[in-house]
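Engineer: Got a structure here, written out as structure tokens. Questions coming.
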Amino acid sequence: MTRRELEVARLAAKAYSASEIAGQLHIGERTVESHLASTYSKLGINSRSELIRIASKLDAG
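Counted from 1, the sequence shown has number 31 at position 1 by this note's numbering; the numbering is strictly sequential.
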């Protein structure tokens, strides 16, 4: 994952909306969605809930 994809994924896992992530990182909302789609593909997942589950496992261990 790229540095930016990781930043977006961390915020998404904290339940930030695409709009909130875009505002915080000073990027477009579509760019956020693109980063999330790329992240999902790289991790072999299909949803934000799966991303949150993975992130919580990483934080725990």
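The C-beta atom is built at its ideal place from N, Cα and C for all residues, glycine as well.
As the structure is a prediction and not an experimental result, all values here were calculated from the model.
Can you give me the C-alpha to C-alpha distance between residue 54 and residue 65, rounded to a whole angstrom?
Structural biologist: If you take the alpha carbons of residue 54 and residue 65, they lie about 15 angstroms apart.
Engineer: Please classify residue 44: does DSSP put it in a helix, a strand, or coil?
Structural biologist: Correct three-state label for residue 44: coil.
Engineer: Expressed to the nearest angstrom, what Euclidean distance is found between the alpha-carbon atoms of residue 56 and residue 67?
Structural biologist: Rounded to whole angstroms, residue 56 to residue 67 spans 18 angstroms at the Cα level.
Engineer: Let's see if you can read the secondary structure: which residues bound the alpha helix (DSSP H) around residue 69?
Structural biologist: That run of the alpha helix (DSSP H) goes 59-73.
Engineer: If you reduce the DSSP assignment to three classes, tell me which class residue 79 lands in.
Structural biologist: Here residue 79 sits in helix by DSSP.
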